[in-house]
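With our numbering applied, the sequence shown covers 2 to 476.
Backbone N, C-alpha and C fix where the C-beta goes; we use that ideal spot for every residue, glycine too.
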Amino acid sequence: MAADAGKLNTFPVFMRVEDRTVVIVGGGEEALAKARLVAQCTARIRLVAEQPASELAAFARRFDAEFITEPYRDAHLDGAVLVFAATGDEAADGRIVADARLRKIPVNAVDRPQICDFLTPAIVNRAPVAVAIGTEGAGPVLAQMIRARIDRMLSPALGPLARMAAAYRDAVERLLPRGSVRRRFWRDFFEGEPARLMEIGHISEAQEAAERLLHQETAQRGHVALVGAGPGAEDLLTLRAQRLLMLADVILFDALVPEAVVEMGRRDAERVAVGKRKGCHSKSQAEINAMLVAYGEAGKRVVRLKSGDPLVFGRAGEEMQALRDAGIDYEVVPGVTAAFAAAADFELPLTLRGVTSSMVFTTGHDLKGNTLPDWARLAISGATVAVYMGRSVAAEVAGRLIASGLSSDTSVAVVENASLSGRRLYHGTLADLPALQDRADLTGPVMTIIGDAVAGANFDRSTPLAARRTAAMAA
Ligand code: SAH
Numbered sequence: 002m003a004a005d006a007g008k009l010n011t012f013p014v015f016m017r018v019e020d021r022t023v024v025i026v027g028g029g030e031e032a033l034a035k036a037r038l039v040a041q042c043t044a045r046i047r048l049v050a051e052q053p054a055s056e057l058a059a060f061a062r063r064f065d066a067e068f069i070t071e072p073y074r075d076a077h078l079d080g081a082v083l084v085f086a087a088t089g090d091e092a093a094d095g096r097i098v099a100d101a102r103l104r105k106i107p108v109n110a111v112d113r114p115q116i117c118d119f120l121t122p123a124i125v126n127r128a129p130v131a132v133a134i135g136t137e138g139a140g141p142v143l144a145q146m147i148r149a150r151i152d153r154m155l156s157p158a159l160g161p162l163a164r165m166a167a168a169y170r171d172a173v174e175r176l177l178p179r180g181s182v183r184r185r186f187w188r189d190f191f192e193g194e195p196a197r198l199m200e201i202g203h204i205s206e207a208q209e210a211a212e213r214l215l216h217q218e219t220a221q222r223g224h225v226a227l228v229g230a231g232p233g234a235e236d237l238l239t240l241r242a243q244r245l246l247m248l249a250d251v252i253l254f255d256a257l258v259p260e261a262v263v264e265m266g267r268r269d270a271e272r273v274a275v276g277k278r279k280g281c282h283s284k285s286q287a288e289i290n291a292m293l294v295a296y297g298e299a300g301k302r303v304v305r306l307k308s309g310d311p312l313v314f315g316r317a318g319e320e321m322q323a324l325r326d327a328g329i330d331y332e333v334v335p336g337v338t339a340a341f342a343a344a345a346d347f348e349l350p351l352t353l354r355g356v357t358s359s360m361v362f363t364t365g366h367d368l369k370g371n372t373l374p375d376w377a378r379l380a381i382s383g384a385t386v387a388v389y390m391g392r393s394v395a396a397e398v399a400g401r402l403i404a405s406g407l408s409s410d411t412s413v414a415v416v417e418n419a420s421l422s423g424r425r426l427y428h429g430t431l432a433d434l435p436a437l438q439d440r441a442d443l444t445g446p447v448m449t450i451i452g453d454a455v456a457g458a459n460f461d462r463s464t465p466l467a468a469r470r471t472a473a474m475a476a
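Structure follows, in structure tokens:
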């Protein structure tokens, strides 16, 4: 007993009744009271009363309730989500409760708490806000007193204000960073100008005030979007990326991002090339982080364009950390990563039923050490491996994979300039891969895909990776 002190025997919930039926059985005062309570919701009400009081009939007309003036039958409960037994007769109520239970419909018998599945609270209604007060039968009078007190506390304008808040929720989540900024907005919304104007019934002015509040919050702080520009073809850009580009004050872009995508930005946006093309001067990662933070603090809307997907070998982790540390709002917009574009160019299934069910995104550079990286083991167990930045280490990659047991016959597909009109496709085996390193004719970005699934690619438009070897074989 003592252990349960402070615990409720009932669990309060808000049940969905919109477009669902609530049945009230009984023709007198109690039935009418329950009907009035339920009529505060959008439930469909079905009244069953053999001898209804005239007020009940009037209620049914006014609230367009289904009104059945027959002796009660269990079929009257069909399709109900809640049932009230309010006949005033113990035996009759008991039968309704039993019928409802058979149908697994929660049931309430008025003034008979022992046989109720649920109890009805006293309600303060400021739809969509509701306060429900329960006392577990300790005192309906107590519940009404509390109800009256809360009713006085809550402005009648709370309902419309809450509805307006619901309409702003999406915009706020999109535009304001989580945490203190968002909390401040909502506090000002519910206690400041919008609430005051709503209170005196100036609805459109309240809306304008909410609008101003949102602008004020968004104008103060900048916003950085780390945006995937895709593999190069501008029509592989996402619609979200395009929308953000058109709103941007500043666009920072990497060398691999095509000119056409950068051009899609707002006409008077500031455009900053930050790197990293071989031979050209480019900014260090620390400099880029600092620039993002500085623009954000100056209240700019920044689009940081990265080739492919920003979270794949894009050093987005460091940029996000810097933005978080500086408290600047940011979002990430995914893009089509180079491996997917390369696979599409080759019509190559990256996963293939019965052949391979996993894939690895890796860079050749971690093969320099003495220990074999995890992904090499995955390659051996059949994963499709996409190697980013793999050209200058092609021989190393091939050698290490073969040495650790991957067959030198394993298929390899190589794409230069995936998705672009100037793309070139090569195919071969792991044994041919070292040749990639010596091909001076490849100047664009190169994606290498290795694995048994590659054998299923379409090689119609590709040429052999290592010409000499193939020629020797043909001879
Ligand atoms: N974030 C990018 C990867 C950046 S690392 C993405 O998700 O795609 C840069 C490497 O990506 C290049 O060295 C190359 O291996 C690969 N790459 C990028 N664009 C490519 C393209 N159009 N064709 C082939 N490889 C590409």
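Ignore the nearest five residues each way along the sequence and tell me which others in residue i's own chain have a CB closer than 8 Å to its CB.
{"i": "residue 480", "result": "With the chain covering only 2 through 476, there is no way to say anything about residue 480."}
{"i": "residue 13", "result": "122, 133 and 135"}
{"i": "residue 317", "result": "227, 307, 311 and 333"}
{"i": "residue 1", "result": "With the chain represented from 2 up to 476, any question about residue 1 goes unanswered, as that position is not in the structure."}
{"i": "residue 477", "result": "Examination of residue 477 is not possible in this model, given that the chain is present from 2 through 476 alone."}
{"i": "residue 447", "result": "391, 392, 415, 416, 417 and 437"}
Among the options, which one has its Cα closest to the Cα of residue i?
{"i": "residue 83", "options": "93, 61, 62 and 20", "result": "20"}
{"i": "residue 106", "options": "125, 93, 85 and 115", "result": "85"}
{"i": "residue 334", "options": "303, 28 and 227", "result": "227"}
{"i": "residue 207", "options": "175, 161 and 216", "result": "161"}
{"i": "residue 258", "options": "397, 418 and 348", "result": "418"}
{"i": "residue 240", "options": "250, 262 and 130", "result": "262"}
{"i": "residue 92", "options": "27, 271, 197 and 290", "result": "27"}
{"i": "residue 330", "options": "178, 268, 64 and 131", "result": "178"}
{"i": "residue 15", "options": "59, 39 and 29", "result": "39"}
{"i": "residue 347", "options": "411, 56, 409 and 416", "result": "416"}
{"i": "residue 231", "options": "290, 315 and 323", "result": "315"}
{"i": "residue 398", "options": "138, 363 and 37", "result": "363"}
{"i": "residue 268", "options": "339, 251 and 447", "result": "251"}
{"i": "residue 155", "options": "339, 202, 126 and 75", "result": "126"}
{"i": "residue 94", "options": "111, 385 and 81", "result": "111"}
{"i": "residue 342", "options": "424, 440, 457 and 256", "result": "424"}
{"i": "residue 340", "options": "184, 148 and 451", "result": "451"}
Are the beta-carbon atoms belonging to residue i and residue j less than 8 Å from one another?
{"i": "residue 462", "j": "residue 426", "result": "yes"}
{"i": "residue 62", "j": "residue 22", "result": "no"}
{"i": "residue 225", "j": "residue 305", "result": "yes"}
{"i": "residue 407", "j": "residue 436", "result": "no"}
{"i": "residue 349", "j": "residue 432", "result": "no"}
{"i": "residue 109", "j": "residue 118", "result": "yes"}
{"i": "residue 293", "j": "residue 273", "result": "no"}
{"i": "residue 193", "j": "residue 303", "result": "no"}
{"i": "residue 78", "j": "residue 104", "result": "yes"}
{"i": "residue 449", "j": "residue 388", "result": "yes"}
{"i": "residue 167", "j": "residue 195", "result": "no"}
{"i": "residue 41", "j": "residue 124", "result": "yes"}
{"i": "residue 327", "j": "residue 298", "result": "yes"}
{"i": "residue 186", "j": "residue 143", "result": "no"}
{"i": "residue 98", "j": "residue 69", "result": "no"}
{"i": "residue 89", "j": "residue 114", "result": "no"}
{"i": "residue 309", "j": "residue 337", "result": "yes"}
Just reading off the alpha helix (DSSP H) that residue i is part of, what are its end residues?
{"i": "residue 100", "result": "91-103"}
{"i": "residue 60", "result": "55-63"}
{"i": "residue 151", "result": "141-154"}
{"i": "residue 109", "result": "Note, residue 109: premise wrong, no alpha helix (DSSP H); beta strand (DSSP E) at 108-110."}
{"i": "residue 158", "result": "No alpha helix (DSSP H) contains residue 158, which DSSP labels as neither H nor E."}
Spatial neighbours of residue i within its chain, please: C-beta separation below 6 Å, excluding the five flanking residues on both sides.
{"i": "residue 356", "result": "453 and 454"}
{"i": "residue 32", "result": "25 and 87"}
{"i": "residue 471", "result": "Only weak support exists for where residue 471 lies, its pLDDT of 47 falling under 50; the coordinates are left without a value."}
{"i": "residue 475", "result": "Here the model assigns residue 475 a pLDDT of 44, short of 50, so the residue's position is not dependable, and the following value carries that caveat. Closer than 6 Å at the Cβ level, and outside the excluded window around residue 475, lies no residue."}
{"i": "residue 45", "result": "22"}
{"i": "residue 9", "result": "none"}
{"i": "residue 358", "result": "352"}
Under 7 Å Cβ to Cβ from residue i, same chain only, skipping five residues before and after it: list those, please.
{"i": "residue 421", "result": "233 and 234"}
{"i": "residue 158", "result": "199 and 200"}
{"i": "residue 377", "result": "401, 402 and 405"}
{"i": "residue 354", "result": "none"}
Output the boundary residues of the beta strand (DSSP E) element that contains residue i.
{"i": "residue 307", "result": "302-307"}
{"i": "residue 330", "result": "330-334"}
{"i": "residue 429", "result": "425-430"}
{"i": "residue 25", "result": "22-26"}
{"i": "residue 477", "result": "In the structure as shown, the chain begins at 2 and stops at 476. Residue 477 is therefore absent and cannot be evaluated."}
{"i": "residue 388", "result": "385-389"}
{"i": "residue 341", "result": "Here residue 341 belongs to no beta strand (DSSP E); instead the alpha helix (DSSP H) covers 339-346."}
{"i": "residue 463", "result": "Element bounds for residue 463: n/a, residue is neither H nor E."}
{"i": "residue 292", "result": "That residue, residue 292, is in no beta strand (DSSP E); its alpha helix (DSSP H) goes 286-298."}
Return yes when the C-beta of residue i is under 7 Å from any heavy atom of the ligand PLP, and no when it is not.
{"i": "residue 418", "result": "In terms of ligand content, the structure shown lacks the ligand PLP and carries the ligand SAH instead."}
(request) Note down, one range per segment and in chain order, each alpha helix (DSSP H) of at least 4 residues found wholly within the stretch 225-261. (result) Listed in chain order, they are 240-248.
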